[in-house]
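Contents: one structure, followed by commentary.
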Amino acid sequence: MKERLSAEQFEIRPIEPTNLDDVISIAASLGLSPWSRKDLEDEIGRDDSRCLLACRNEFVEGFIVTRIVPGPTVDRPEAEIYNLGVREESQGIGIGSRLLRHTFETLADAGVSAVWLEVRASNIRAIDLYLSAGFAEADRRPAFYTSPVEDAVVMSLSFES
Ligand SMILES: CC(C)(COP(=O)(O)OP(=O)(O)OC[C@H]1O[C@@H](n2cnc3c(N)ncnc32)[C@H](O)[C@@H]1OP(=O)(O)O)[C@@H](O)C(=O)NCCC(=O)NCCS
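Residue 35 is where the sequence shown starts when you use the working numbering, and the numbers rise one by one after that.
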């Protein structure tokens, strides 16, 4: 019988250039908005970027791309999650939640006050994940996505009490 893994068995660490093939192939297999290798390479090299992967025995199972962006005041930056994906066969065991939790830790260290993201309105699974991580719907952007045309749900999570 195939061993049932738990999310704790995966190592979470920053995405390195050598991981980009895996990240690109996971994103393609999930139909996520495609980033070119060059864009991803630039992203992971940025000081304001926080890009993490989940792996086991060097096999990459999921990734998250987040960038720290200016907030309402200079001393209160915010962050945007640009992409999150978990290999289909490893979904539903908590890897997505762990990637989010680790991202929150690195963002809190950077003094980030709030995190934002956009998600397709039909992507109930991702919306459920974000809700259980503490996000709330903040806005809707009609016909924000193309192929197919669809509204975006804008979600935010405040780190301020
Ligand atoms: C969305 C996604 C990243 C979730 O990752 P994951 O590792 O499967 O998520 P987790 O196992 O950590 O699950 C966390 C939450 O997601 C939801 N979830 C997970 N598996 C689910 C399933 N099979 N059905 C419905 N909801 C599910 C649940 O709300 C769960 O909360 P719980 O722990 O309270 O039950 C993953 O499904 C994925 O890669 N989807 C395709 C790409 C995508 O849509 N990315 C988001 C773009 S905005």
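Note that the Cβ used here is the ideal one computed from N, Cα and C, for glycine as well.
Taking all protein chains shown into account, decide if residue i is buried (16 or more other Cβ within 10 angstroms of its Cβ) or exposed.
i: F173; result: According to the sequence displayed, residue 173 carries Asp and not Phe. By the neighbour-count rule (16 or more Cβ atoms within 10 Å), D173 is not buried but exposed.
i: S124; result: buried
i: E77; result: buried
i: A88; result: buried
i: I158; result: exposed
i: E112; result: buried
i: G119; result: buried
DSSP three-state label for residue i, please.
i: N157; result: coil
i: G130; result: helix
i: P51; result: helix
i: E194; result: coil
i: F178; result: strand
i: L141; result: helix
i: A41; result: helix
i: D109; result: coil
Figure out for me which residue from the options has the closest Cα to the Cα of residue i.
i: F93; options: V108, R132, L118 and R47; result: R47
i: E45; options: R90, W69 and S166; result: R90
i: S83; options: Q43, A148, G126 and Y116; result: Y116
i: E95; options: A160, F138, I60 and T180; result: I60
i: V146; options: S190, E75, A41 and L86; result: S190
i: S156; options: A167, A177 and P104; result: A177
i: S201; options: W150, L165, A148 and A113; result: Absent from the model: residue 201. The displayed extent of the chain is 35 to 195, so no value can be given.
i: E171; options: T180, E152 and R135; result: E152
i: T52; options: I102, S40, K72 and V188; result: K72
i: V99; options: P106, V108 and W69; result: W69
Whose beta carbon lies closer than 6 Å to any heavy atom of ligand 1, going through the chain in order? L64, L66, L118, G119, V120, Q125, G126, I127, G128, I129, G130, S131, V153, N157, R159, A160, D162, L163 and S166
Completely contained alpha helix (DSSP H) runs for the stretch 51 to 103, where each covers 4 or more residues: 54 to 64 and 71 to 78
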